[in-house]
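Its first residue numbered 1, the sequence shown is counted upward by one per residue in my numbering.
Backbone N, C-alpha and C define an ideal beta-carbon position, used for all residues, glycine too.
Report on the structure given below.
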Amino acid sequence: MNQHDLLNVRHASVNEAKIAMSETLEKRASNYSLDAALYNDPHMFRIDMEEIFQKEWLFVGMSSEIPKKGDYFTVEIGQNPVLILRDADGNINAFHNTCRHRGSVICTQHRGKVANLVCPYHQWTYDLKGNLLFAGTEMGQEFDTKQHGLKAAHCKTAGGFIFICLAETAPDDEFHDFLSTLNDYMEPYDVENTKLAVESTMIEKANWKLVIENNRECYHCAGSHPELLNTLLEWDDTEDPRAPQDFLDHYNAQAAQWDKEGIPHKLKSFGAVQRNRIVRMPLKKGTQVMTIDGSAASIKTLGRIQNRELGSMRILHLPNSWNHMQSDHFVVFRVLPVSAQESIVTTKWFVHKDAVEGVDYDPEKLRRVWDATNEQDKILGERNQRGVNSIGYQPGPYSNTFEFGVINFLNWYSNTTRNNLSSNNLSSN
Ligand code: 3BY
Ligand code: FES
Ligand code: FE
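In C-alpha cells, the structure reads:
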C-alpha cells in the first residue's frame, strides 16, 4: 500500500465515522442522554473537534488578563495551540501558535509578555500583529517575509469576554446579537479595571459533553453541593416554572432595586435552543456573593457597582463556558476537550484591579465555594463517564423540569454538528 492509498483508507474511515455520527444524531430521542459512542469513542471525539471546536466560537479568557501591549496567554483547542495577544494599539488578536518556518510552537508558556514573538527553534521573529519581521540571513534572496506572517484566528471581545473561532469563515447567525447584549450587561463591571486573582485548572476524566451536561442542571445540587447551596438558588432563571412565590417575591424586590441602579438583569437568550443566555438571578436572602457564609469576598466592589446584593449574573456560552458575575468578584469557567474521555476545566476569579491581596480580599475565601463545587462536579462527571462506558449503559431520560438546560445543550450540539457535517458533502458510497 503506498502513501496515497493509506490516505484514502483514512479518509474513507473518517467519512464513515461522520456518516455514523450524522445518523446517530438524526435518530436520537432529544430527551434522552446520548449513545455511549458519542461520549467515549475517539472517532466521534475527532468529529466533535472538527465540527464544533474547530468551527464554532469558543470562550477563551478575559481581556483584563492581558491588559498591556505584548501581554499574551495561550490555549490548546485540541491539537491546535493558539496565542491570544494584545497589540500596540490595544487590540486583542488570536493567532495560531505555530511558526511559519517549520511549525514549531512559538510561545511555550501559559501566559507572559513579549516585545516581539521570537520562535525558540530558529529565532524567526514576528511583531505583535503577527507580521514576520526577521527570518535571519539564510533564507535567500527570493524569500518574502510578507508571505510568512502568523495565521490569524477570528477573535472578538465583548464586555471583557474574548471569543475565538478557528474556522476559515466564522459563523455569524445570532452571535453578534449576543455580543452586543453582553457588552450592555457587562457595562457595570468595567472589566478593564479588574484583575485575575486566582486560577484553577482541573483535568476531568470525562467527555466534554458530560462536563457541560452536568453544569446545565441543578438536579444534582441538593445531593452534592452543600457549599454552593449556602448562596445559590436552584432555579435556572426568573421564568423557571419550578420557582415558588417566595422566590418570585425576593426576585421582584431585588430587581426593583437593580432597575433603579441601572443594573441589567432580564433574561436574554439567543438561538433557537439557548446557545447563549444571560440572566441575573438573586442569591439566597441575606447573602451577597458565593462565599461559604455569603458575606463579601472583596472590600472593593467592581466597576460602578455599589449594591452588594446583585445576585449573580449567569452567562452561558455553548459549547464551552458558564460564568457567575457578582458584586465584588466574578468567576469564569472554560471547558476544553483533551480526548474522548478527558477535559480541562479552567476556573478564574477576578476582583477589582486595585484590591490588594491579603488586605482587601483573601484568595482562600474567594475561591473556596467553587473549588469545592468543581471538585464535587469532577467526581460526578468521572463517575458518569465510567458508567457510560459500561456495556450495561443505555441512554436514559432527562427530566423536563430539572434538566431542560441539558436538553437545550444537546439540541444545540446535535443541530450544529449535523449542519456542519452536511456542509462537508458526505456521501454513503
Ligand atoms: O453553574 C451553576 O450555577 C450551577 C452549578 C451546578 C449546576 N449549575 C446550574
Ligand atoms: Fe520557527 Fe524554525 S520553526 S524559526
Ligand atoms: Fe454541579
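Excluding the five sequence neighbours on either side, which residues of its own chain have a C-beta within less than 8 Å of the C-beta of residue i, listed in chain order?
{"i": "Asn116", "result": "Thr125, Tyr126, Asp127, Leu128 and Leu133"}
{"i": "Gln245", "result": "none"}
{"i": "Leu421", "result": "Lys18, Met21, Ser22, Ile47 and Glu51"}
{"i": "Arg418", "result": "Ser22, Leu25 and Glu26"}
{"i": "Gln385", "result": "Tyr39, Asn40, Lys205, Ala206, Asn207, Leu210 and Gln341"}
{"i": "Glu357", "result": "Ala197 and Pro363"}
{"i": "Asn374", "result": "Ser200, Met202, Val345 and Thr347"}
{"i": "Ser64", "result": "Gly160, Val191, Glu192, Asn193, Thr194, Lys195, Leu196, Phe350 and Lys353"}
Starting from the C-beta of residue i, find all residues in its chain whose C-beta is less than 6 Å away, skip the five residues before and the five after it, and write them out in chain order.
{"i": "Tyr413", "result": "none"}
{"i": "Ala158", "result": "Leu179, Leu182 and Asn183"}
{"i": "Thr287", "result": "Thr231 and Gly294"}
{"i": "Asn429", "result": "Residue placement at Asn429 is poorly supported in this model, since its pLDDT is 40, which falls under 50; the coordinates are not used for a value here."}
{"i": "Trp57", "result": "Phe163, Cys165 and Phe175"}
{"i": "Arg111", "result": "Phe73"}
{"i": "Ala355", "result": "Ser298, Lys300 and Tyr361"}
{"i": "Asn131", "result": "Gly149"}
{"i": "Ser200", "result": "Thr347"}
{"i": "Asn389", "result": "Asn40"}
{"i": "His43", "result": "Ala17"}
{"i": "Phe330", "result": "Phe350"}
{"i": "Phe95", "result": "Leu83, Gly130, Leu150 and Ala152"}
Can you tell me the Cβ-Cβ gap for residue i and residue j, rounded? I've got them flagged as a contact below 8 Å.
{"i": "Ile263", "j": "Pro363", "result": "Their Cβ separation, rounded to whole angstroms, is 26 Å, which puts Ile263 and Pro363 out of contact at 8 Å."}
{"i": "Met281", "j": "Gly311", "result": "5 Å"}
{"i": "Phe333", "j": "Ser321", "result": "6 Å"}
{"i": "Val198", "j": "Glu204", "result": "Actually they are not in contact, since the Cβ atoms of Val198 and Glu204 sit about 19 Å apart, beyond 8 Å."}
{"i": "Val369", "j": "Glu227", "result": "5 Å"}
{"i": "His265", "j": "Ala255", "result": "6 Å"}
{"i": "Lys284", "j": "Leu233", "result": "6 Å"}
{"i": "Gly303", "j": "Asn193", "result": "7 Å"}
{"i": "Leu318", "j": "Ile77", "result": "Rounded, the Cβ-Cβ distance is 15 Å, inconsistent with contact."}
{"i": "Pro395", "j": "Asp35", "result": "6 Å"}
{"i": "Ser224", "j": "Leu410", "result": "Not confirmed; about 21 Å, so no contact."}
{"i": "Val105", "j": "Asn97", "result": "5 Å"}
{"i": "Lys55", "j": "Ala167", "result": "4 Å"}
Verify the contact flag: residue i, CB atom, against every heavy atom of the ligand FE, threshold strictly below 7 Å.
{"i": "Asn307", "result": "no"}
{"i": "His225", "result": "yes"}
{"i": "Asn323", "result": "no"}
{"i": "Asn389", "result": "no"}
{"i": "Asp377", "result": "yes"}
{"i": "Leu137", "result": "Per the sequence shown, the amino acid found at residue 137 is Thr instead of Leu. Every heavy atom of the ligand FE is 7 Å or more from the Cβ of Thr137, so no."}
{"i": "Thr157", "result": "no"}
{"i": "Asn214", "result": "yes"}
{"i": "Thr347", "result": "no"}
{"i": "Thr238", "result": "no"}
{"i": "Thr373", "result": "yes"}
Skipping 5 residues on each side, what residues in its chain have a beta carbon closer than 7 Å to that of residue i?
{"i": "Glu403", "result": "Glu217 and Tyr219"}
{"i": "Cys119", "result": "Cys99, His101, Ser104 and Ile106"}
So what does residue i bridge to, in DSSP terms?
{"i": "Leu117", "result": "Tyr126"}
{"i": "Cys165", "result": "His154"}
{"i": "Met313", "result": "Arg280 and Met325"}
{"i": "Glu342", "result": "Ser339"}
{"i": "Trp235", "result": "Answer by DSSP bridge pairing: none, since Trp235 is not bridged."}
{"i": "Thr181", "result": "DSSP lists no partner for Thr181."}
{"i": "Trp370", "result": "In DSSP, Trp370 forms no bridge with anything."}
{"i": "His352", "result": "Thr194"}
{"i": "Val211", "result": "Bridge partners of Val211: none, in fact."}
{"i": "Thr347", "result": "Ser200 and Phe333"}
{"i": "Pro397", "result": "Tyr32"}
{"i": "Tyr361", "result": "Ser298 and Glu357"}
{"i": "Leu132", "result": "Tyr126"}
Following a CB-centred definition, is residue i positioned closer than 7 Å to any heavy atom of the ligand FES?
{"i": "His101", "result": "yes"}
{"i": "Gln147", "result": "no"}
{"i": "Cys107", "result": "no"}
{"i": "His96", "result": "no"}
{"i": "Tyr121", "result": "yes"}
{"i": "Trp57", "result": "no"}
{"i": "Ser269", "result": "no"}
{"i": "Trp124", "result": "yes"}
{"i": "Ser104", "result": "yes"}
At a threshold of 7 Å, does residue i count as lining the ligand HEM (C-beta to nearest heavy atom)?
{"i": "His220", "result": "This structure lacks the ligand HEM; the ligands present are the ligand 3BY, the ligand FES and the ligand FE."}
Item to check | Complete runs of the alpha helix (DSSP H) confined to the stretch 42–114 [at least 4 residues] | outcome: Correct list: 42–48.
Checklist entry - Can you list, in chain order, the stretches of the beta strand (DSSP E) that have 3 or more residues and sit fully within the stretch 243–301? => result Within the stretch 243–301, the complete beta strand (DSSP E) runs of at least 3 residues are 268–270 and 276–281.
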